[in-house]
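Student:
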Amino acid sequence: MATQGPAVVLTMHGSARMADAETMRTALAELTENQTTLIVLDMTDLDFICSVGLGAIISGHLRTRHYQGRICLVSPKPPVMELLETTRLTQLFSIFPTVEQALA
Amino acid sequence: MQIPSTYEAAKQVEDAVLKELDRHGYDDVAAFAVKLALEESLNNAIKHGNGLDPDKTVEVDYDVDARQITITVADQGGGFDPARVPDPTVDENLEKPCGRGILLMRAYMDEVCFSPCGNRVKMVKCKNCTAQGL
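Protein chains in written order, with this note's numbering: chain A, 1 to 104; chain B, 1001 to 1134.
#1: Of all Cβ atoms in chain A, is any one closer than 7 Å to the Cβ of Tyr1026(B)?
#2: Check the Cβ-Cβ distances between Cys72(A) and every residue of chain B, and say whether any is below 7 Å.
#3: DSSP on Thr86(A), reduced to helix/strand/coil?
#4: What residues in its chain sit with their C-beta under 6 Å from that of Ala21(A), if we drop five residues either side in the sequence?
#5: Using alpha carbons as the reference points, say which of Thr23(A), Val9(A), Pro76(A), Gln101(A) lies closest to Thr90(A).
#6: Grab me the residues of Ser15(A)'s own chain with a C-beta within less than 7 Å of its C-beta, minus the 5 sequence neighbours each way, in chain order.
#7: The stretch 13-38 of chain A: which residues have C-beta closer than 7 Å to a C-beta of chain B, in chain order?
#8: Strictly below 7 Å CB to CB, what residues from chain A border Thr1057(B)?
#9: Using a Cβ cut-off of 7 Å, pull out every chain A residue sitting near Phe1032(B), in sequence order please.
#10: Return the chain-ordered list of same chain residues with a C-beta closer than 6 Å to the C-beta of Leu10(A), the five sequence neighbours on each side being excluded.
#11: Roughly how far, in whole angstroms, is the beta-carbon of Lys1127(B) from the beta-carbon of Gln1068(B), given that I think they are within contact range, below 8 Å?
#12: Which chain A residues sit within Cβ distance under 8 Å of Asn1128(B)?
#13: When burial is assigned at 16 or more other CB atoms within 10 Å of the CB, is Leu84(A) buried or exposed?
#14: Please go through the same chain and pick out, in chain order, the residues whose beta-carbon is closer than 6 Å to the beta-carbon of Leu1103(B), but skip the five residues on each side of it.
As structure tokens, then:
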């Protein structure tokens, strides 16, 4: 996790299976509790995510709406991007090619 | 095989299946699809079917050969009607944190078949089909 002014960048690695979802949920809950304006999920090194992991991200998104915050995604790998497209979550989250562009 | 209703047990099964896929020369696309569908079906069985009850088990059987992988997952719950699961891709459901498992199973496997009761699912992925069950 890295703080960039009012934004926080969370770097995701490897596989986000259902066993990992609670960790994601807790991390996002803490950030939204602090009303972090922008949460950037860097998916550059994320090889896999399941619907439970996606659900943790959506739960975080719902909490950000209470204070006009937002979550955006960065550089999902092709299989993860296909998953986001299959679930139409590309309609819910802005996706950027780099962290810098997400923070701009 | 029967596994307890825990995420750790599910992970061990997944790892064993992925090892078999690799041994039979399945590519990364197929491996991702199977991993995802298995993860989703095990989550449904453990969390929704068995209610995370450690005293309940999930039955997982799989058969891998040069042509296809067949996986069966069964829980000890009362079952459900897959046809009544709302479409998670419609606008009004996009912000719901759950409900995508069956969509993903159907999108990534070539065959998905539920028992009449709904507490058993059989999935098939052919080795040389293209991505997303096409």
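We treat Cβ as the ideally placed atom computed from N, Cα and C, and that holds for glycine.
Predicted model, so just to flag it, every value in this text is computed and none were measured.
Tutor: Quick answer:
#1: In the second sequence, counting from the first residue as 1, residue 1026(B) sits at position 26. By the rule that beta-carbons nearer than 7 Å mark a contact, Tyr1026(B) does not touch chain A.
#2: Counting from one through the first sequence, the residue named residue 72(A) turns up at place 72. So no, Cys72(A) is outside the interface.
#3: For the purposes of this step, residue 86(A) is taken as residue 86 along the first sequence, with counting starting at 1. In the structure shown, the three-state DSSP call for Thr86(A) is helix.
#4: As a first step, residue 21(A) is located in the first sequence; it is residue number 21 there, counting from the start. Closer than 6 Å at Cβ, skipping near neighbours: Val52, Gly53, Ala56.
#5: Here residue 90(A) corresponds to residue number 90 of the first sequence, with the count starting at 1. The shortest CA-to-CA distance from Thr90(A) to any of Thr23(A), Val9(A), Pro76(A), Gln101(A) is the one to Pro76(A).
#6: The residue given as residue 15(A) occupies position 15 in the first sequence. The answer, listed in chain order, is Asp47, Phe48.
#7: Residues passing the 7 Å Cβ filter: Arg17, Met18, Ala19.
#8: As a working mapping, residue 1057(B) is identified with position 57 in the second sequence. Chain A residues near Thr1057(B): none, gap ~17 Å exceeds 7 Å.
#9: Sequence index remark: in the second sequence, residue 1032(B) carries index 32 (1-based). Chain A residues near Phe1032(B): Phe48, Pro79.
#10: Here residue 10(A) refers to the residue found at position 10 of the first sequence. For Leu10(A), where only same-chain residues beyond five positions count, the Cβ hits under 6 Å are Met1, Leu41.
#11: The residue labelled residue 1127(B) in the question sits at position 127 within the second sequence. The residue labelled residue 1068(B) in the question sits at position 68 within the second sequence. Going by Cβ atoms, the distance from Lys1127(B) to Gln1068(B) rounds to 6 Å, so yes, they are a contact pair.
#12: The count along the second sequence starts at 1 and reaches residue 1128(B) at position 128. The contacting residues do not exist; Asn1128(B) stays about 18 Å from chain A at best.
#13: Here the question's residue 84(A) lines up with position 84 in the first sequence. The residue in question, Leu84(A), is buried, as its Cβ has 16 or more Cβ neighbours within 10 Å.
#14: Position 103 of the second sequence, counting from 1, holds the residue named residue 1103(B). Pro1088, listed in sequence order.
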